[in-house]
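Undergrad:
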Amino acid sequence: MRIEPSYEEVKQIYQEYMTTIRLDFENGALLYKDIPIILSRAALLYNIFTEMYNLLGESVIAIMHRIGKPYGESFYKIVSESFKMAGIEGSIENHYRYICAETASIGWGRIAIEDDGNAVKIICKRGFPVGRLSVAEGKVSTYPMDAYFLGYFEGYLSLLHRKDMKGREVECVGKGDERCLMVFE
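The sequence shown runs contiguously to residue 188 in the numbering used here.
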């Protein structure tokens with residue numbers, strides 16, 4: 004199975020976010036439903052990764068991965084609950100469709116998901132924001148730069164498939180590859 008979001012699917016999620024986000028003026032916060040959110044440039048994650056790499060070396064990859072995984076797990080739970088409330092079947096295909104469209108709608112990149120029953124591949128044709136920003140600054144990495152996203156998808160997919168899935172980024176725009184490719188088994 005291969006899932007890629009349509010423009011309409013991405014636009015629908017984007018519009019839902021834009022109509023649901025509200026300003027809590029008293030607290031100086033943005034809320035999506037009751038969840039505090041921030042709007043930031045993609046450079047925030049790139050800067051965090053770069054500065055941590057300068058301080059800690061390649062161990063930052065494991066740290067960013069560990070930060071992303073619980074976020075993917077919690078988002079899986081939010082999406083599953085939303086599906087239940089809307090009467091949408093919580094099938095793997097529906098989750099793939101949603102996560103593909105949602106990833107593009109929040110600016111992480113336009114992804115496709117391929118699932119052959121043994122491995123799940125996440126392909127980002129233009130790359131995730133950290134690698135894209137690295138290349139834009141004229142820097143080419145010797146290691147994959149998307150550990151946060153790898154952890155996020157690992158957490159999401161592990162709950163979706165009800166088994167511990169481990170991922171690796173085998174291609175990365177930040178390393179000079181044409182796309183980002185993550186494989187989960």
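Cβ atoms here follow ideal geometry from the backbone N, Cα and C, with glycine treated the same way.
These figures come from a predicted structure and were not determined experimentally.
Excluding the 5 residues preceding and the 5 following M168 in the sequence, name in chain order all residues of the same chain whose CB lies nearer than 8 angstroms to its CB.
TA: If you number the sequence shown from 1, residue 168 lands on position 165. Hits under 8 angstroms: V123, E157, L160, S161, F187 and E188.
Undergrad: On the DSSP bridge list, what partners appear for D27?
TA: Reading the sequence shown from its first residue, position 24 is the one you call residue 27. According to DSSP, which records beta bridges pairwise, D27 is partnered with A32.
Undergrad: Only counting runs of 3 or more residues, tell me where the beta strand (DSSP E) segments fall wholly within the stretch 68-140, in order along the chain.
TA: As far as the stretch 68-140 is concerned, its whole beta strand (DSSP E) runs of at least 3 residues are 114-118 and 123-127.
Undergrad: State the start and end residues of the unbroken alpha helix (DSSP H) segment that holds I40.
TA: Here residue 40 is taken as the residue at index 37 of the sequence shown, counted from 1. Run containing I40: none in the alpha helix (DSSP H); it sits in the beta strand (DSSP E), I38 to I40.
Undergrad: In three-state DSSP terms, what is V176?
TA: Numbered from its first residue, the sequence shown carries residue 176 at position 173. Helix, per DSSP.
Undergrad: Below 8 angstroms between beta carbons: does that hold for M185 and R171?
TA: Residue mapping note: residue 185 aligns to position 182 of the sequence shown, counting from 1. Residue mapping note: residue 171 aligns to position 168 of the sequence shown, counting from 1. The answer is yes: Cβ separation under 8 angstroms.
Undergrad: The alpha helix (DSSP H) with M55 in it runs from where to where?
TA: Position 52 of the sequence shown holds residue 55. Segment A46 to L59, the alpha helix (DSSP H) holding M55.
Undergrad: Would C103 and G134 qualify as a contact pair, given that the criterion is a beta-carbon distance under 8 angstroms?
TA: Residue 103 sits at position 100 when you count from the first residue of the sequence shown. Residue 134 sits at position 131 when you count from the first residue of the sequence shown. No. Outside cutoff.
Undergrad: Comparing C-alpha positions only, which one of A45, R44 and T22 sits nearest to L34?
TA: For the purposes of this step, residue 34 is taken as the residue at position 31 of the sequence shown. That would be T22, whose Cα lies nearest to the Cα of L34.
Undergrad: Nearest-angstrom Cα distance between F131 and E19?
TA: Position 128 of the sequence shown holds residue 131. Position 16 of the sequence shown holds residue 19. Approximately 23 angstroms, taken between the alpha carbons.
Undergrad: Would DSSP call V13 helix, strand or coil?
TA: Residue 13 sits at position 10 when you count from the first residue of the sequence shown. Three-state result, V13: helix.
Undergrad: Is the separation between the beta-carbon of I114 and that of I126 shorter than 8 angstroms?
TA: The residue labelled residue 114 in the question sits at position 111 within the sequence shown. The residue labelled residue 126 in the question sits at position 123 within the sequence shown. It is a contact, given that the beta carbons lie within the stated cut-off.
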